[in-house]
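Residue numbers (numbering that gives the first Met the number 0), protein chains in the order written: chain A, 0 to 383; chain B, 0 to 383; chain C, 0 to 188; chain D, 0 to 188; chain E, 0 to 108; chain F, 0 to 108; chain G, 0 to 269; chain H, 0 to 269. All residues carry an ideal CB built from backbone N, CA and C; glycine is no exception.
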Amino acid sequence: MNRKNATPTEKPDIRLMKGNEALAEAAIRAGCQGYFGYPITPQSEVLEYLTEEGRKRGMVVMQVESELAAINMVYGGAGAGARVMTSSSSPGISLMQEGISYIACAEIPCLVVNVNRGGPGLGTIQPAQGDYFQATKGGGHGDYHPIVLAPASVQEMADMVYLGFDLADKYRNPTLILADGALGQMMEKVEFPEYNPADHIPEKPWATTGKPKDRERNILTSLHIQPEKMEEVNRRLQKKYETICANEVRYQLVHADDAEILVVAFGLAARISHKAVEMARAQGIRVALMRPITLYPYPYDVLRRMKSTLKGALVVEMNAGQMIEDVRLGVEGAVPVKYFGRMGGIIPTPEEVLEEIRRMSGDGHGAGDGHHHAMHDQILEERN
Amino acid sequence: MNRKNATPTEKPDIRLMKGNEALAEAAIRAGCQGYFGYPITPQSEVLEYLTEEGRKRGMVVMQVESELAAINMVYGGAGAGARVMTSSSSPGISLMQEGISYIACAEIPCLVVNVNRGGPGLGTIQPAQGDYFQATKGGGHGDYHPIVLAPASVQEMADMVYLGFDLADKYRNPTLILADGALGQMMEKVEFPEYNPADHIPEKPWATTGKPKDRERNILTSLHIQPEKMEEVNRRLQKKYETICANEVRYQLVHADDAEILVVAFGLAARISHKAVEMARAQGIRVALMRPITLYPYPYDVLRRMKSTLKGALVVEMNAGQMIEDVRLGVEGAVPVKYFGRMGGIIPTPEEVLEEIRRMSGDGHGAGDGHHHAMHDQILEERN
Amino acid sequence: MTQEILIAGFGGQGVLSMGMTLAYAGMLDGKEVSWMPSYGPEMRGGTANCIVILADEPVSSPIITSFDTLVALNQPSLDKFEKAVKKGGTLLYEKSTIITPPTRTDITILPVDAAREAELLKNKKIGNMIMVGVFLGLNDVVSVDSVMRALEKVLPERYHHLIPVNRDAVERGRSLVGETVTSLEESHE
Amino acid sequence: MTQEILIAGFGGQGVLSMGMTLAYAGMLDGKEVSWMPSYGPEMRGGTANCIVILADEPVSSPIITSFDTLVALNQPSLDKFEKAVKKGGTLLYEKSTIITPPTRTDITILPVDAAREAELLKNKKIGNMIMVGVFLGLNDVVSVDSVMRALEKVLPERYHHLIPVNRDAVERGRSLVGETVTSLEESHE
Amino acid sequence: MASVRGNVQVDIDTCKGCELCVEACPQDSLQLSEKVNAQGYHYAVLIQDNCTGCENCALVCPDAVITVYRTPKNSAGKNAKREAVATVTNVRANMKITVEELPEGKVDL
Amino acid sequence: MASVRGNVQVDIDTCKGCELCVEACPQDSLQLSEKVNAQGYHYAVLIQDNCTGCENCALVCPDAVITVYRTPKNSAGKNAKREAVATVTNVRANMKITVEELPEGKVDL
Amino acid sequence: MDNPREVEMETVSCPEGLEVVWEKPETLTGNRMHYCPGCGHGVVHKLLMEVLKEMDIQDKTIGVAPVGCSVFAYNYMNIDMQEAAHGRAAAVATGVRRMLPDKFVFSYQGDGDLAAIGTAETIHAANRGENFLVVFINNGIYGMTGGQMAPTTLVGMKTSTTPGGRDVETSGFPFNISRLIAMLPGAYYVTRQSVHTPGAVRKTKKAIRKAFEHQRDRKGYCLIEVVSNCPSGWKMTPVVSNQWMEENMFPSYPLGDLKTDGVLQPLKGN
Amino acid sequence: MDNPREVEMETVSCPEGLEVVWEKPETLTGNRMHYCPGCGHGVVHKLLMEVLKEMDIQDKTIGVAPVGCSVFAYNYMNIDMQEAAHGRAAAVATGVRRMLPDKFVFSYQGDGDLAAIGTAETIHAANRGENFLVVFINNGIYGMTGGQMAPTTLVGMKTSTTPGGRDVETSGFPFNISRLIAMLPGAYYVTRQSVHTPGAVRKTKKAIRKAFEHQRDRKGYCLIEVVSNCPSGWKMTPVVSNQWMEENMFPSYPLGDLKTDGVLQPLKGN
Ligand SMILES: Cc1ncc(C[n+]2csc(CCOP(=O)(O)OP(=O)(O)O)c2C)c(N)n1
Ligand SMILES: Cc1ncc(C[n+]2csc(CCOP(=O)(O)OP(=O)(O)O)c2C)c(N)n1
Ligand code: SF4
Ligand code: SF4
Ligand code: SF4
Ligand code: SF4
Ligand code: SF4
Ligand code: SF4
Ligand SMILES: [Mg+2]
Ligand SMILES: [Mg+2]
């Protein structure tokens, strides 16, 4: 397994692709060597694309008996030192929770993709964001956190695969990409950057590749029967999470300068909110958008910094209101935080969000404010 | 199946029992008709006790092939109108997350018991509270909430079975009891109250018991493929959760009157904190204890009410700090919230907690304060 | 200029590739584009549809509920989506599959006998490209050139020998616009 | 008065039931009691221990790390827990199983030849009740009466015919206290 | 050829035109219509009067849209005039409905 | 009886006294000690000098605590003096160690 | 009109002088099925409901639907039903069965549901001899999710996840789970049928009836595998799909009884 | 001293004039095993490590430990190892195997792990013909969790969850999973052995060696079931447990090859 040469560098390449396909293509280019998965709408294209394309380009791609099997194969394969991933959608991701907890504790770097659909239960196959809590607070047992990335475009469906793998390797931690059915199914323009896996994949001296005479055996385990040892492991994990929180927060901030109202949204809801924010700006409402790109670590700091100048925050989600807790934790009671959302696979419209923004801003939001600000996105990486 | 007469009323009866056994005994007395489970330390006694005692007294008790099978048998059995439960510990509960999401969405009342051990991963079998997030925020996919009860004694291991089943039936919602390994394994005095299942178990006209000619067929499903329908279902669920939050919050408040410092802890950590609070009071520190009895719904209101008179809050948990988020949400930034906890199966000592309380109260907490307050527990049920 | 288009019909009618062709062409023209298929299990029944957005600004949601143009290739699609056309919008439909024609009067309605036109071009599969042509005849949101180039990208390589006939179909569709619009009255017979 | 006790030994030595007997007796005496077994997979090796707390106030944690009394029934237990006895506390140990006796000087140490005493009473299984007796001889945290009543509750019904011999063992244990304490020096030979 | 007289009704609105009944009919009595129903399917229709009521078509029909009739064993109605053989529940204003009486002579039971 | 001369060493510290070696020894050479090791187990000891080095005890020993020796095939040491047969790694101050030389005469290879 | 014999008119009652010999049983709800044209699922639904009607046990029967194309079975079967999570129908049915020992219980499952993700639940329910019927639709593909490989997909068969045909090296062998189940002592009646011809339909109906009678007599676990088609997934017309099935599926999944009255039957085919 | 022949002294080297014929292989770490006295797990660990030593593949072998008493196998085997979640060892091994096609891979699993919670992963790995070895310790009980019923528990056998003996009505039949696996075309070598006598130990070691050789030659999936004891769970002394095992376990789980070189062997026993 010559992992560093798995995928040669390719030049940038622009295509019109489904989000699921872009993600799969990026995985191949990121040097992913193994994919284990089980079909489920709306993400089966990942498996299908990799079966065709990935195999052609040397990847091991397997449709296996279940998501439970898949996540444990990821454990095994990634534990053996390879770049390995799986993908699924909500119910399938629930089935992986035990496995993810094991992976996090054994500190095995890998990539898990959840193309979120409407739940709970079997629900609907339409796009939703109802798995936010599961992804960010820990759907499995015990204290652990995957790094959670939330793409908002097909381009980011690709970009976050590279980032996700790199972060996973950097921290020996699972990365979760939390997308949704629309991002998976829609086609948009996507550009694949130059990326040479050999420059990104670190040595993995901890991997179980067979114990040479001259090193101690490598053991990957999450079992530490002595509470003292288990506490030590937990402290080490917590320390790692602190480092991640300190170094890896990513978010997008739009129109923040003079904002009185802050819309907070991630993924598809953020795209829609962005549009609504632009519409509101056109009407002179001083509103900004904060889009967390990393859901874990969460950009609490930007909220803390902004809270004193805000009149209110509006959280827009495709769920019953989950991220709102993190926003509340961020603004610490300083400003009222309102929620607007749709559920069950329904996508909010920019008009609906605008309506909520207008409601928050009140009628008399000050005449003469109707200046249209040029959109200025800044993708910040805090301290990184 | 004559469910209302499953268990005849018995008179109160005091025993020295393990928490797991007390829970199992209470299940029999609560008219539980079916138990499906899989062994796992530290809760296998539930299965073992029921196998002996439950079967003798007419219960269907089955050790099945896995936790995955167990939770889905609970779905089937409870869906057929019976009082049904399962129990497990952390990794096994993770495996049940898909099933719990289905049960919540199909609105099937049942009882799930998690005797939490140290995680993540295989972890240790010693007591811990690391599954707080999973239990309260939703470890499975989609927007749903089990009602979550947190016992702090063997007595409550029994009491919460009755309460748990009753709430489940009242709201057609799963109830989760979140205990820990120590509560499951320890023996304490327990008194079984009078309880006649016939007075508590409602009719279940929605159950799939076979469709008589004169009623529409009963369908239990979580599938609503049309997003509009799925959103409607979600709205109905959210409405129910609001009712639960309005009516079912339970907590214990000790020494609240003049408190400057509030210790917040649940389960075993609350027992220990209680002791520490008493020790601190003896030293004249004005400290109170708030023990959430329901973790969902969470007693945010009591925190909101108290926040203006507090100088700080200390959250004591047997995890890396999970409930602290709910406490922060409750006090809304009004007071600093500190965390003290142990992990991986280690139980904090009252002395350690006292130390933290002392640190918070500062050295000069006012002389002459050394009056020992009589302990006055009040188990409040907000608006109920 | 932004065009929000819904194309709906049976599985085999080339619904998705029609949409992709337009989206790809838009991309080549430097537009912001998105293409979104329906992927519900209603596909079991054999229906398919996709939403194409061609815009000057970034597309917010790929899933929208009202459209500038509806291309309805069968009766169920027409029945279901007629009301989703924006006031003043356009509705193209495949004449041969429609039993009950649309009735709205606040939109432009064009029946297109794409199936027959395709047969005339000796390829039953290119009805969708006839429709693309009609669409182009009515809108200049994307250039004909880009559509032609898009075809190469959208058609799998094994079908590249069919590019010429697809081009012909697009051309034929464009030329139909005059004819079709004049026959509008008649379609409401 | 609060007594925090750790009883530790092999699986078959009646470690758990000894603890239960004390806890039950405490309950009968109106005390707040808790009994907590160790349940780790170290049980594979055959060791067992339990913590019994007899108190006047509600027990906070059933798991504690230092004890008023340690009852060590085998060498590994003694080795592991000798240091966990509170200063001034008591350590009882089963003489027959101990190769290396305890060495602390800040606690009271009593070797008990419970196995031999049990044999004298013609029942190898009641060594634990000899130990209960010794404990009672040293502490009055629970009443002898309650211990006797507790026996009935703790022993499964099929062993109820053995209650008399268990009582005898408790009595014998109590009577040993004088003898044992005086022989204390010798045990440090 | 057919010694028993039968008949079938197809719920053409629900028929999906899968053609399995056509394939299964030993009498070749069935065929798919050239027209489509509202779902766009070419529904099954009876094209001959030689149906024996053997049920085959109904047995294989996945959508259970065929009802089969037969002369009662102790039959009075043996030579009853043959009439409507397909249900039309989706009549629309613009549909052309053709009803042809089958010539009596062709019924040779 | 035994035609090959063997010997075993038991790591008595690690031995768990399961008695499986005793059961497996065709020579009845092994027995459990009356004494216990630090783990409290009655460990296995060689009680006869008739060991053939057949390995049986070692094969069945779950804890792999038995080492087996045998006269080399082309043996020089055939009648080498028999010595220590059990490893004592847990010697404590208070242990009584008895070493008896086995009488030469009994070694009848 | 192209075909002069095409006759259409509104008729609602039984044609004069004739009696009904087959009509849709009222145990079917009458909802239009969402299945693709020619899909075997509909036939099996119909047979199940006919048997319930004939045995007059509609009011005593609880069905369990899977996740798969038949996920909506409860829209068509006019009985109490539970919709199980993917693969867990046998566990759900166990829960129902154990709580309602006097009712009739069946699960209805596809090959992905039963033989991939649900393998453990399937096998252990059989091994416990749960007294219910499992109806197993083996169409060699994941119909619902758009035509991926199923455990029963044939070697060389093309699906969206075996674009070059199923390859044993990567994906293993077609999984003959009914044969394994027949080996289990808990299984009482295991048979493999099809519904592509009138004769096959009649046999399958008899098998279903037999299984429900066994259930009534508390004989234990029964499994009826129906080798079926998936015109959409296979990308064939219904008629061609049935021919293809006969030629390709039957050699690997030969029809007939695998176990009757608790007795293993001699193996047929490979 | 009670027994005058009891000889103890410190010896570290080979007794004079003798050569070592059996000693603990260095492929074992030397850590004291946590198993109960007389437990078969230790014997099988030893044999595995002897084979790795003999084939000189210690540096090429990755083991997968289960959840069960052998959860700590990695403390004793001196090789790279992964600890799998309960029941998922076959999936974990698949992951390792597919990423490291040139190494040797085995999983080591108990009957609860392999045949209850892990049924699906076990069967599908076999069905895919994954080129690794599964060592399956069948002791008819859940040792680690304190003696509950396992899928392989015998009818009438008492465990903490079958206090009156396993009853078929409630708990189903003892599950002969190796026989099922042998039926799968992906399985190349399936054998049932034991380690309670020197002869049995020798045979089991041969079987292990054979399996690793098959793996080297890429023959596919091999399963070695070892019918073993659980003195603690069975509440017997080790010696008695082995007798009980012969008398009670072997009739239900007869020893011998179930499949060799891909060919099913005639059934023995019931
Ligand atoms: C946990 C989970 N994993 C995956 C899916 C997606 N899924 C739905 S149906 C299905 C397979 C359907 O195939 P099969 O059981 O053969 O039924 P068919 O559609 O062929 O009748 C899958 C994988 C799901 N809903 N839940
Ligand atoms: C998901 C999960 N469920 C249950 C357990 C508890 N558990 C640990 S080992 C075990 C069974 C062990 O039995 P077996 O596999 O037969 O191994 P043995 O101990 O007998 O060698 C169980 C149920 C667990 N750790 N994880
Ligand atoms: S009943 Fe028989 S003869 Fe009549 S149409 Fe149907 S299949 Fe043909
Ligand atoms: S079998 Fe049924 S659905 Fe198919 S064509 Fe015939 S009538 Fe129509
Ligand atoms: S090597 Fe053979 S003869 Fe020697 S002690 Fe061991 S079993 Fe007995
Ligand atoms: S077999 Fe091994 S562990 Fe058991 S008694 Fe013999 S030497 Fe000791
Ligand atoms: S996809 Fe296949 S199985 Fe599903 S309804 Fe269509 S034909 Fe039937
Ligand atoms: S419990 Fe049983 S299987 Fe586990 S180590 Fe002890 S004897 Fe062996
Ligand atoms: Mg299928
Ligand atoms: Mg076992």
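### Query
Taking Cβ positions only, does residue 97 (chain B) come closer than 8 Å to chain K?
The displayed structure is made up of protein chains A, B, C, D, E, F, G and H, and chain K is not among them.
### Query
Can residue 257 (chain H) and residue 210 (chain H) be called in contact, C-beta distance under 8 Å?
Not closer than 8 Å, so no.
### Query
Does DSSP classify residue 58 (chain C) as helix, strand or coil?
coil
### Task
Take the Cβ of residue 386 (chain B) as the centre, count every other Cβ of all protein chains shown within 10 Å, and call the residue buried at 16 or more, exposed below.
Residue 386 (chain B) is absent from the structure shown; chain B starts at 0 and stops at 383.
### Query
Between which two residues does the beta strand (DSSP E) containing residue 34 (chain G) stretch?
Boundaries for residue 34 (chain G): no beta strand (DSSP E) harbours it, and the DSSP string shows neither H nor E there.
### Task
Check each candidate in G:187, G:219, G:134 and name the one with the smallest Cα separation from residue 41 (chain G).
G:134
### Task
Please indicate yes or no: does the CB of residue 141 (chain H) lie closer than 7 Å to some heavy atom of ligand 10?
yes
### Query
Relative to the C-alpha of residue 195 (chain B), which residue among B:150, B:26, B:181, B:63 is closest?
The shortest Cα separation from residue 195 (chain B) among B:150, B:26, B:181, B:63 belongs to B:26.
### Task
Below 7 Å between beta carbons is the criterion; list the residues of the stretch 67 to 94 of chain D that meet it against any residue of chain F, in chain order.
73, 74, 75
### Message
Considering just the uninterrupted stretch of the beta strand (DSSP E) at residue 115 (chain G), what are its terminal residues?
### Response
Careful: residue 115 (chain G) lies outside any beta strand (DSSP E) and carries neither H nor E.
### Task
Could you tell me which residues DSSP puts in a beta bridge with residue 89 (chain B)?
For residue 89 (chain B), which the question treats as bridged, DSSP gives no partner whatsoever.
### Task
Mind checking which residues open and close the beta strand (DSSP E) that includes residue 231 (chain H)?
Element bounds for residue 231 (chain H): not the beta strand (DSSP E) but the alpha helix (DSSP H), 230 to 233.
### Task
Using a Cβ cut-off of 7 Å, pull out every chain G residue sitting near residue 217 (chain B), in sequence order please.
79
#### Entry: Assigned exposure category for residue 132 (chain C) - 16 Cβ within 10 Å defines buried
buried
### Query
Mind pulling the chain B residues with CB within less than 9 Å of residue 99 (chain G)?
Against chain B, the beta carbon of residue 99 (chain G) has neighbours under 9 Å at 0, 76, 79, 80, 81, 207, 208, 209, listed in chain order.
### Message
Does the structure place the stretch 306 to 320 of chain A close enough to the stretch 264 to 284 of chain A that three or more beta carbon pairs sit under 8 Å?
### Response
yes
### Message
Taking beta-carbon pairs under 7 Å, can you tell me which members of the stretch 168 to 182 of chain G lie near chain B?
### Response
none
### Helix, strand or coil at residue 113 (chain B) [DSSP, three-state]
strand
### Query
Within 7 Å: the Cβ of residue 54 (chain F) and any heavy atom of ligand 5?
Distances taken from the Cβ of residue 54 (chain F) to the heavy atoms of ligand 5 include one shorter than 7 Å.
### Query
Three or more C-beta pairs closer than 8 Å, one from the stretch 49 to 64 of chain D and one from the stretch 2 to 10 of chain D: is that the case here?
yes
### Message
Against chain F, does residue 87 (chain H) count as a neighbour if the rule is that its beta carbon must be under 8 Å from one of theirs?
### Response
Not one chain F Cβ lies under 8 Å of residue 87 (chain H).
### Test: residue 126 (chain G) CB closer than 8 Å to a CB of chain A
Closer than 8 Å: no.
#### Entry: Nearest to residue 143 (chain G) (by Cα), restricted to the options A:83, A:43, A:142
A:43
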